[in-house]
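One gets this note's numbering by counting positions in the sequence shown from 1 and adding 236 to each. Ideal placement from N, C-alpha and C gives every residue a C-beta, glycine not left out. Everything below concerns the one structure shown next.
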Amino acid sequence: MGLKHQTCKSSSSPSNFLRIRFSTILTLVLLFTSLFLFLSSLKNTQGPIFRGDESALFNAVFSKTWPVGADPGGMERHASTLYQALAAKGHEIHVFTVPSDRRPHWDIHEGNLHVYFAANDHGSVNCSLAFEIFNKVNSDGAFDYVHTESVSLPYWRAKMVPNVAVTWHGIWYEIMHSKLLQQLLTDPNGHNREPMTELHEAMPKLVEEIRFFKSYKQHICISNSAGEVLLNIYQIPQRNVHVILNGVDETEYAPDPEAGARFREKHGVPANVSLVMGVAGRLVRDKGHPLLYKAFSSIVKRYPSLFLLVAGSGPWRRRYAELGPNVKVLGALEPLELSEFYNALDVFVNPTLRPQGLDLTLIEAMQSGKPVLTPNYPSIVGTVVVDEEFGYTFSPNVKSFVEALESAIRDGPNVLKRKGMACKNYVLSMFTATKMASAYERFFLCMKNPKYCQYPLPTDCGL
Ligand SMILES: *[C@@H]1O[C@H](CO)[C@@H](O)[C@H](O)[C@H]1NC(C)=O
Ligand SMILES: *[C@@H]1O[C@H](CO)[C@@H](O)[C@H](O)[C@H]1NC(C)=O
């Protein structure tokens, strides 16, 4: 299965995982951290706490959107997790962004967290407007650090802003990989004579991306494999490449068998099924639904007591409904329902065809004590499903997927339960929101003044 063990373990300070699903456009999040408060929260810092000008650490973070409403596995939800966690630690966070529902909303000022909405007519970020607000806040006390979620702060602007760190949630090298897999899946034998336009356009985009990445100084990525690509393919100096893993709110997802049983009953899962599988997220092609659809329709003929719960909305909803009584489509779920949903499963399936970034849902399911069945991408097997004990991996084609499903069915609910507990312990040691927030804290502090770097930095793991 091509699994490997991760060498990096959280030591004195935990490594953190920032997970924000990044689609394509811009996110503006400004993060300002007060160094004074920041220092007081660092347990290992010796000596007197700074006061005065030198102590003011401000980080500006640019991010695409801010979550409004339900959005399973969303990058927005992740952004809010991180910045709320930092604000709760006493840092002043200013976020420049737009609401995820693209409707007008008031700015948010909750304690140390300030969210400014700067939308244009279409509901995406108006960069000029965001910068007007940014400059106004900046004039009250300059930012020490600017953090952008992907290209939310475009590179031509990033060049003009001092001290920029960027978090990449997916890079073109990975997207190219993704397009390659989709091509192979839709046309395995090369019968289709249509031009492979997307594949032809991918390489020039990669070249362009490699060229503009140097406009950003510090690069944070969310998997060990992306860090290696930045180093080896994008030629970013090692000292400027950092891995901070995604974090999921550990209080939101936890094992709760009773909630799971109630959820099954409420949604009419028959009591005599042998195995309940679940999938969550947007029901679109590149999330691998054609793959799951084909694999499940083939395997359910041989194992009629299999059941599939589908959480999320999107065009593939209707196709799943065609599969008959062994499938239940639930629509989009609120975060609380999502937690019950994970608990209702024996195994969580993530058939994604996008090797870029990391799906939040994988980590949420594992926190809920569920094993996962997922493709063997470098970002996944190098960072999340690093051991066979955590579930099943497959190559993104129907045959390999069906084989992995059969392994899970053969293992049965008891083995799956044991694997699920192993998952829970692993993700709690690696992927919590708390760990992510403190890794970001440490990162910004260290970038501001090397005096505060404690080596090895938690962000340096895996490289
Ligand atoms: C963006 O903001 C600027 C400055 O406030 C404004 O002049 C411009 O019309 C806005 N653009 C759009 C497309 O909303
Ligand atoms: C489960 O029970 C229902 C009705 O009680 C029955 O129709 C169905 O065939 C059973 N399924 C299996 C897999 O035994």
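Are there 16 or more other CB atoms within 10 angstroms of the CB of residue i, so buried, or fewer, so exposed?
| i | result |
| --- | --- |
| Leu528 | buried |
| His358 | exposed |
| Gln603 | buried |
| Arg447 | exposed |
| Thr668 | buried |
| His455 | buried |
| Asp343 | exposed |
| Ala644 | buried |
| Trp302 | buried |
| Thr422 | exposed |
| Gly496 | buried |
| Met672 | buried |
According to DSSP, is residue i helix, strand or coil?
| i | result |
| --- | --- |
| Trp342 | coil |
| Pro493 | helix |
| Ile411 | helix |
| Gln474 | helix |
| Lys687 | helix |
| Gln419 | helix |
| Glu328 | coil |
| Val373 | helix |
| Glu385 | strand |
| Gly567 | strand |
| Phe680 | helix |
| Leu481 | coil |
| Ala401 | strand |
| Tyr578 | helix |
| Met666 | helix |
| Trp552 | coil |
| Leu239 | In this prediction, Leu239 scores a pLDDT of 35, lower than 50, which makes its location untrustworthy; the coordinate-derived value is nonetheless stated afterwards. The answer is coil: DSSP assigns Leu239 none of H, G, I, E or B. |
| Val583 | strand |
| Tyr452 | coil |
| Tyr613 | coil |
Less than 8 angstroms between the C-beta atoms of residue i and residue j, yes or no?
| i | j | result |
| --- | --- | --- |
| Ile411 | Ala462 | no |
| Asn508 | Val479 | no |
| Leu322 | Glu677 | yes |
| Gly504 | Gly548 | no |
| Val334 | Ser360 | yes |
| His405 | Ile469 | no |
| Leu481 | Met683 | no |
| Ala296 | Phe367 | no |
| Phe332 | Phe298 | yes |
| Ala531 | Val638 | yes |
Closest by CA to residue i, which one among the options?
| i | options | result |
| --- | --- | --- |
| Leu589 | Pro506, Asp522 and Lys372 | Asp522 |
| Leu544 | Pro473, Tyr381, Lys450 and Val563 | Val563 |
| Gly524 | Ser375, Asp380, Pro649 and Tyr556 | Tyr556 |
| Met396 | Pro491, Lys450 and Glu486 | Lys450 |
| Ala601 | Asn661, Glu642 and Phe637 | Asn661 |
| Leu318 | Gln474, Val373, Val484 and Arg429 | Val484 |
| Ala490 | Ser336, Ile599 and Glu368 | Ile599 |
| Lys701 | Lys453, Pro340 and Glu642 | Residue coverage of the chain in this structure runs from 237 to 699, which leaves residue 701 outside it and unanswerable. |
| Ile701 | Glu445, Asp423 and Val651 | Past the edges of the chain, shown from 237 to 699, lies residue 701, and the structure says nothing about it. |
| Thr403 | Val477, Lys502, Ala495 and Leu417 | Val477 |
Inset, instruction - Take every Cβ of the region 569 to 589, pair it with every Cβ of the region 511 to 518, and state whether three or more of those distances are shorter than 8 angstroms. - result: yes
Inset, instruction - Please confirm if the region 559 to 574 is in contact with the region 370 to 387, defined as three or more CB-CB distances below 8 angstroms between the two stretches. - result: no
Inset, instruction - Please determine if the region 653 to 661 and the region 592 to 609 are in contact, where contact requires at least 3 C-beta pairs separated by less than 8 angstroms. - result: yes
Inset, instruction - Indicate whether the contact test is met: 3 or more Cβ pairs, each with one atom in the region 326 to 336 and one in the region 347 to 355, closer than 8 angstroms. - result: yes
Inset, instruction - State whether the region 432 to 452 contacts the region 609 to 617, with contact taken as three or more CB pairs (one from each stretch) at a distance under 8 angstroms. - result: no
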